[in-house]
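S.K.: I'd like to ask some things about the structure below.
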Amino acid sequence: MNEQKTSRWSESFAGRLLSGLRFPGAGLVKGLAVTARNFVGSYFEKDRLLTELYPEQRPRLPENSRSFPFLIYDGNDPEAGMRCVSCKICEKECPPQCIYIVQDRDAAGKALKRPRVFNIDISVCMSCQICVEVCPFESIRMDQVFEASSYDRFGSLVLTKRDLLKSNEYYHGIHPTEAAETDARIEADRKKKEAAAAAKAAKAAETAKAAAEKKEAPAA
Amino acid sequence: MKADFEQLHAAFPGVEWSENPSPSGQHSVVVGCADAVAAAEFLRDRLGYDFCSNVSGVDWPPRKVKETVVRKDVTDGVEKEIKETIERDVPGYLEAVYHLYSIGGRKGPLVLRMRTADRAEGARVPSLTPVWKSADFQEREAYDLFGITFDGHPDLRRILMWDEFEDFPMRKDYVAPDDYEYEPTPHDEILEKVRGGKEAA
Amino acid sequence: MSVMPPLDSSRTLDVSLGPQHPSTHGVFRMNVTLDGETVVRLQPVFGYLHRNHEKIAETHSYLAAMPYTDRLDYICPITNNWAYALAVEKLAGIEVPERAEYIRVIVGEFTRLQNHAALLGFLAGDLGGWGTALLWAFRLREKILDLFESLTGARMMANYMRFGGCRCDLPVGWLEAARAVVRDAHGQLDELEALLTGNEIILARLQGVGALTGERAINGGFSGPVLRASGVDYDIRKVDRYGIYDRFRFRVPRGTAGDCFDRMMMRLLEARESVGILEQALAGIPEGPVVNPKAKQRGLRPPAGEAYGRIEGPKGELGFYLISDGTDRPYRYRVRPPSLINLTLLEELCIGTKLADVMVILGSIDIVLGEVDR
Chain A
347 MNEQKTSRWS ESFAGRLLSG LRFPGAGLVK GLAVTARNFV GSYFEKDRLL TELYPEQRPR
407 LPENSRSFPF LIYDGNDPEA GMRCVSCKIC EKECPPQCIY IVQDRDAAGK ALKRPRVFNI
467 DISVCMSCQI CVEVCPFESI RMDQVFEASS YDRFGSLVLT KRDLLKSNEY YHGIHPTEAA
527 ETDARIEADR KKKEAAAAAK AAKAAETAKA AAEKKEAPAA
Chain B
15 MKADFEQLHA AFPGVEWSEN PSPSGQHSVV VGCADAVAAA EFLRDRLGYD FCSNVSGVDW
75 PPRKVKETVV RKDVTDGVEK EIKETIERDV PGYLEAVYHL YSIGGRKGPL VLRMRTADRA
135 EGARVPSLTP VWKSADFQER EAYDLFGITF DGHPDLRRIL MWDEFEDFPM RKDYVAPDDY
195 EYEPTPHDEI LEKVRGGKEA A
Chain C
50 MSVMPPLDSS RTLDVSLGPQ HPSTHGVFRM NVTLDGETVV RLQPVFGYLH RNHEKIAETH
110 SYLAAMPYTD RLDYICPITN NWAYALAVEK LAGIEVPERA EYIRVIVGEF TRLQNHAALL
170 GFLAGDLGGW GTALLWAFRL REKILDLFES LTGARMMANY MRFGGCRCDL PVGWLEAARA
230 VVRDAHGQLD ELEALLTGNE IILARLQGVG ALTGERAING GFSGPVLRAS GVDYDIRKVD
290 RYGIYDRFRF RVPRGTAGDC FDRMMMRLLE ARESVGILEQ ALAGIPEGPV VNPKAKQRGL
350 RPPAGEAYGR IEGPKGELGF YLISDGTDRP YRYRVRPPSL INLTLLEELC IGTKLADVMV
410 ILGSIDIVLG EVDR
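Residue numbers (our numbering), protein chains in the order written: chain A, 347 to 566; chain B, 15 to 215; chain C, 50 to 423.
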């Protein structure tokens, strides 16, 4: 970040000169001198010229900047790698109720752990990030796209599941620190589950072995 | 604050202490409509509560309250205690709650409550604007949004809603009219479309 | 002030300083009755931005009401969050860890700094000196908003406070960036001061206008810089000592005349005190958790009861009065809006002054319509 020279105006030479002035209009002259200093200075000191010439100059967004939500998928196939299990917690907690989820069902009508419909109305969404906070499955995060305006007032401001699904690599690209933490958490959870499953399997094998030995012993 | 309440109670025996079960420890003083202005002046002039910070309206619709009462029953010469749960109806009322602070004495908040007789014609309490001018706009807001009429208010009109508006938006039984948005909003049509058609993934 | 002439409607002119006006700080309307150039009656009319925020919060859970508090006083969203979080913490008896308190003070004082700088710019604009002071104040404000964006994700609608702490920890490098902003702040305030305080036009238009005595200010419910400009020594940070404000050394400036010039100077002096607090807080921030792990955010059900929590917001005393009935939605949610209550005596201050002074008085009170109307 550019560090401006620390300048106590009152201690600078011009400041002390002008502050000693005592004639009618001295205050105005002092103010004009400060304005002139800023104006002339903007030609010489780069950090006095603060305007960012958008859209030629793209804005430098901080990493944590957020605009609207998106869904994450792992791997290459959006549908197969989708992390969302349609628990509907984000739909319930969303303050303006802009999320609409319909759970998927298989041919027999049994509920599956994936959404068939996942829509976010970004004309209503207020980017509060509560859906991200409450999601237990690390599947919804905030995007940084802010140029989402459209000429169609009623149609294209609803993002469907297909519009919302973006890959984990994309997530790493926009929020590297957060994505790294999320991946670490998922990895840790997976290892814990594997360890628990392995322990359970080992215990089951032990019990089966002991039962088999017991069965053989009286026969011997 | 208990000491101040004792002094107030000594001067106005009708005021009651209302305990607040929350960890905040902010208990209230309930004052009747007849004494209210005099009690308010006592608080301001004698006890130093010169800053009326907040005036809120609260709506308490009629509700049923379950109470467990213990009564003694004598059967066959044996006295027993029987616990009964009775349900009683508490009629509805509106409340005006004042939070008072003392600037010089660094005390507060003293929570003063006034209750109306009912939620219809009897929804009147005396106005404390002559005592604390800061209650002016806030009492107007309680009138506008709750329908509490403050007797003695210098200029009681609607403040946030437009003058011809009827009904009181902050009451618990308020139903928002569905024709107040005369311009279609994207949300309603979208919601219809979304629930109806655009579901192909 | 001066004696009110009888209202003779053949002499007087009714002007509606309508809701769309560059100097009314939002959609604020004043029906002014003028006798020549002198104001004889003034009625403020507002409600154009009324969204019934209180009912929205009563129909949503406690966590869902937090992003709506950002939109009350939209120039200072984080202090609104803080006041609401404080009220819920009082209601539910939740404690806040130390690092979270330090972060709250840091972002709160940054908010106060950018609010006061913006006010100086807007006040100069109301007088007709549009642009220069405002954009210089916004230079400082932009740097602070960049800090907020890198911390919370949004420049303004931060949604940062949670019950029992803050939403997330400081990212790497944030403290350094914050210290750099604080180092520059004194210089930028110096430039604003040099531009404004000696200026003869500002002195002529602000001094002696809208004088308010201390007793009248207290009775009229003023709070914040306006109250202190009238000579009353009352700063809620010192009185209630909420958070960890009693650990920081800062002075509370007090005015003498209670006029618009004193109110303007109050903002400048308080901005400097804020920079002082920031220096101390940024130096002393400890490690630790940023939220109380035992506090529930989603699905918080405070015990039945009520609480009133208030903070010294940049505009005045911002308070939240909550009544809980044990469920996950507040039974009664009330915002104590400093901007609305600071307008109570507007008519009294303006009667007898000239029409041009009305803008000055309104500008020096510092209102934001999002808070007035909610």
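Virtual Cβ for every residue (Gly too), placed ideally from N, Cα, C.
It should be emphasised that the depicted structure is a prediction, and the values quoted were computed from it without experimental measurement.
(1) With DSSP run on the structure shown, which of helix, strand or coil describes A547(A)?
(2) If you measure between the beta carbons of Y117(C) and A106(C), is that distance less than 8 Å?
(3) Mind listing which residues of the region 503–515 of chain A have their C-beta closer than 7 Å to chain C's C-betas, in chain order?
(4) Could you check where the alpha helix (DSSP H) with N130(C) kicks off and where it finishes?
(5) Determine, using beta carbons only, whether L394(C) and V421(C) come nearer to each other than 8 Å.
(6) Please say whether I173(B) and G96(C) have beta carbons closer to each other than 8 Å?
(7) Who are the neighbours of H113(B) on chain D, taking C-beta pairs under 9 Å?
(8) Whole angstroms is fine: what's the gap from C125(C)'s alpha carbon to Y112(B)'s?
(9) If you pair each beta-carbon of the region 458–478 of chain A with each one of the region 414–426 of chain A, do three or more pairs fall below 8 Å?
(10) Using 8 Å as the cut-off, can you tell me whether the region 206–220 of chain C makes contact with the region 130–146 of chain C, which would need three or more C-beta pairs spanning the two stretches below that distance?
(11) Please name the residue, chosen from Y380(C), E366(C), N101(C) and A229(C), that lies closest to G354(C) on a Cα-to-Cα basis.
(12) Can you tell me the Cα-Cα spacing of S116(B) and A50(B), whole angstroms?
(13) Measure the beta-carbon distance from Y111(C) to L349(C) and round it to whole angstroms, keeping in mind my assumption that it falls under 8 Å.
(14) Establish whether the CB of D218(C) and some CB of chain A are separated by less than 8 Å.
(15) Nearest to A306(C) by alpha carbon, out of N341(C), V281(C) and I193(C)?
(16) Looking only at DSSP bridge pairs, what is C215(C) linked to?
(17) Whole angstroms are fine: how far does the CA of S279(C) sit from the CA of G304(C)?
(18) Any idea what DSSP makes of I372(C), helix, strand or coil?
(19) Would you kindly check if the distance between the Cβ of N248(C) and the Cβ of G373(A) is under 8 Å?
(20) What does D430(C) reach in chain B if we use C-beta pairs closer than 7 Å?
(21) Note down, in chain order, every chain C residue with its Cβ under 8 Å from the Cβ of T380(A).
(22) Restricting to runs no shorter than 4 residues, where is the alpha helix (DSSP H) found entirely within the region 400–488 of chain A?
(23) Measure the CB-CB distance between G337(C) and R148(C) and report whether it falls below 8 Å.
(24) Answer yes or no: does any C-beta atom of chain B fall closer than 8 Å to that of K139(C)?
(25) Could you tell me which of L219(C), L245(C) and L121(C) sits nearest to T618(A), measuring between CA atoms?
(26) Write down every uninterrupted run of the alpha helix (DSSP H) in the region 375–404 of chain C whose length is 4 residues or greater and which is fully enclosed by it, in chain order.
(27) Could you check whether E484(A) and R536(A) sit closer than 8 Å to each other, using their CB atoms as the reference points?
(28) Could you spell out the range, first to last residue, of the alpha helix (DSSP H) harbouring H518(A)?
(29) Strictly under 8 Å for the Cβ-Cβ distance: is H99(C) near chain A by that measure?
(30) For D420(A), which residues of its own chain have a beta-carbon under 6 Å away from its beta-carbon, when the five flanking residues on both sides are left out?
(31) Can you tell me the Cβ-Cβ gap for S32(B) and G368(C), rounded? I've got them flagged as a contact below 8 Å.
(32) From A156(B), S38(B), L22(B) and S36(B), pick the residue whose C-alpha is nearest to that of V44(B); which is it?
(33) So that I know if they touch, is there some Cβ in chain B lying closer than 8 Å to that of K104(C)?
(34) May I ask you to verify whether the region 101–111 of chain B touches the region 121–131 of chain B, counting CB pairs closer than 8 Å and requiring at least 3?
(35) Residues in the region 157–188 of chain B with C-beta within 9 Å of chain C's C-beta atoms, listed in sequence order?
(36) Could you name the residues of chain C that V480(A) contacts, counting a contact when the two beta carbons are closer than 9 Å?
M.R.: The short version:
(1) For the purposes of this step, residue 547(A) is taken as the residue at position 201 of the first sequence. It is helical.
(2) The residue you call residue 117(C) lines up with position 68 of the third sequence. The residue you call residue 106(C) lines up with position 57 of the third sequence. Going by C-beta atoms, Y117(C) is nearer than 8 Å to A106(C).
(3) none
(4) Working through the third sequence from its first residue, we reach residue 130(C) at position 81. According to the DSSP assignment, N130(C) belongs to the alpha helix (DSSP H) that extends over P126 to A141.
(5) One-based indexing of the third sequence puts residue 394(C) at position 345. One-based indexing of the third sequence puts residue 421(C) at position 372. Not a contact, by the Cβ cut-off of 8 Å.
(6) Along the third sequence, one-based indexing puts residue 96(C) at 47. Along the second sequence, one-based indexing puts residue 173(B) at 159. In this structure, I173(B) lies closer than 8 Å to G96(C) by Cβ.
(7) No chain D is present in this structure, whose protein chains are A, B and C.
(8) Start at 1 with the first residue of the third sequence, and residue 125(C) comes out as number 76. Start at 1 with the first residue of the second sequence, and residue 112(B) comes out as number 98. So the alpha carbons of these two residues sit roughly 26 Å apart.
(9) yes
(10) yes
(11) On the third sequence, position 305 is the one that residue 354(C) refers to. Nearest C-alpha to G354(C): Y380(C).
(12) Stepping through the second sequence from its first residue, residue 116(B) is reached at position 102. Stepping through the second sequence from its first residue, residue 50(B) is reached at position 36. Separation of S116(B) and A50(B) (C-alpha to C-alpha, rounded to the nearest whole angstrom) is 18 Å.
(13) Residue mapping note: residue 111(C) aligns to position 62 of the third sequence, counting from 1. Residue mapping note: residue 349(C) aligns to position 300 of the third sequence, counting from 1. Y111(C) to L349(C), Cβ: 5 Å. Contact.
(14) Residue 218(C) sits at position 169 when you count from the first residue of the third sequence. No, because no Cβ of chain A sits closer than 8 Å to the Cβ of D218(C).
(15) Position 257 of the third sequence, counting from 1, holds the residue named residue 306(C). Taking only the C-alpha atoms, the option nearest A306(C) is V281(C).
(16) To locate residue 215(C), count along the third sequence from 1; it is residue 166. Its beta-bridge partners are M210(C).
(17) Taking the third sequence and counting its residues from 1, the one referred to as residue 304(C) is at position 255. Taking the third sequence and counting its residues from 1, the one referred to as residue 279(C) is at position 230. Going from the Cα of G304(C) to the Cα of S279(C) covers about 6 Å.
(18) Residue numbering aside, residue 372(C) sits at position 323 when the third sequence is read from its first letter. The answer is strand: DSSP assigns I372(C) an E or B state.
(19) Here residue 373(A) refers to the residue found at position 27 of the first sequence. Here residue 248(C) refers to the residue found at position 199 of the third sequence. Going by C-beta atoms, G373(A) is nearer than 8 Å to N248(C).
(20) For chain C, the structure presents residues 50 to 423; residue 430(C) sits outside this window and is missing.
(21) If you number the first sequence from 1, residue 380(A) lands on position 34. Per the sequence shown, residue 380(A) should be read as Val rather than Thr. Those are E240, A243 and L244, listed as they occur along chain C.
(22) The region 400–488 of chain A contains these whole alpha helix (DSSP H) runs: 424–427, 435–439 and 476–480.
(23) The residue labelled residue 337(C) in the question sits at position 288 within the third sequence. The residue labelled residue 148(C) in the question sits at position 99 within the third sequence. Yes, they are a contact pair.
(24) What you label residue 139(C) is simply residue 90 of the third sequence in a count that begins at 1. True, the Cβ-Cβ gap to chain B drops below 8 Å.
(25) Missing from the structure shown is residue 618(A); chain A here goes from 347 to 566 and no further.
(26) 387–390 and 395–399
(27) Numbered from its first residue, the first sequence carries residue 536(A) at position 190. Numbered from its first residue, the first sequence carries residue 484(A) at position 138. Going by beta carbons, R536(A) and E484(A) fall outside the 8 Å limit.
(28) Along the first sequence, read from residue 1 onward, the residue named residue 518(A) stands at position 172. Taken as a continuous stretch (DSSP letters only), the alpha helix (DSSP H) holding H518(A) covers N514 to I520.
(29) Here residue 99(C) refers to the residue found at position 50 of the third sequence. Not closer than 8 Å to any Cβ of chain A, the Cβ of H99(C) fails to qualify, so no.
(30) Numbered from its first residue, the first sequence carries residue 420(A) at position 74. Contacts found: G427 and N514.
(31) Here residue 32(B) refers to the residue found at position 18 when the second sequence is read from its first residue. Here residue 368(C) refers to the residue found at position 319 when the third sequence is read from its first residue. Between G368(C) and S32(B) the Cβ distance is about 20 Å, and since that is not below 8 Å, they are no contact.
(32) In the second sequence, counting from the first residue as 1, residue 44(B) sits at position 30. The candidate whose alpha carbon is nearest that of V44(B) is L22(B).
(33) Position 55 of the third sequence holds residue 104(C). Chain B contact via Cβ: present.
(34) Two segments are said to touch when three or more pairs of C-beta atoms, one from each, lie closer than 8 Å; by this definition the region 101–111 of chain B touches the region 121–131 of chain B.
(35) D158, L159, D169, R172, I173, L174, M175, W176, P183, M184, K186 and Y188
(36) Along the first sequence, one-based indexing puts residue 480(A) at 134. Against chain C, the beta carbon of V480(A) has neighbours under 9 Å at L112, Q346 and R347, listed in chain order.
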